[in-house]
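Scroll down for the structure; my scribbles are underneath it.
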Ligand SMILES: [Zn+2]
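Numbering (the working numbering), first residue to last: 62 to 150.
In structure tokens form, the structure reads like this:
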């Protein structure tokens, strides 16, 4: 009776605000914390900016590679190009 279970869901939140997401510097209670995308804490504006740029670059890279793979599929509609006999004189 009276014992209440902690209904705290979300295991990943246990280390929430523990350290800077970029340089892993521990974030104390008295230090400034810069949040990014809701759940990424950073020790400084510089670190946060760095992460923003990393994410930005990742996004661009992903878009480029997606575009490339689509173009490759279009360029090679046939897979029977290399069949036949190679004649060497
Ligand atoms: Zn940092």
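Yeah, the Cβ is synthetic: ideal placement off N, Cα and C, and Gly gets one too.
Predicted, not measured: the structure shown is a model, and the values here were computed from it.
The beta carbon of residue 81 is closer than 7 angstroms to those of 88, 102, 103, 104, 108 in its chain, skipping five residues each way along the sequence.
In this chain, the beta strand (DSSP E) harbouring residue 101 covers 101-103. In the DSSP assignment, the residues bridged to residue 80 are 87. In this structure, residue 112 and residue 83 form a Cβ contact; the two beta carbons are roughly 5 angstroms apart against a cut-off of 8 angstroms. Under the DSSP definition of a beta bridge, residue 96 partners with 102.
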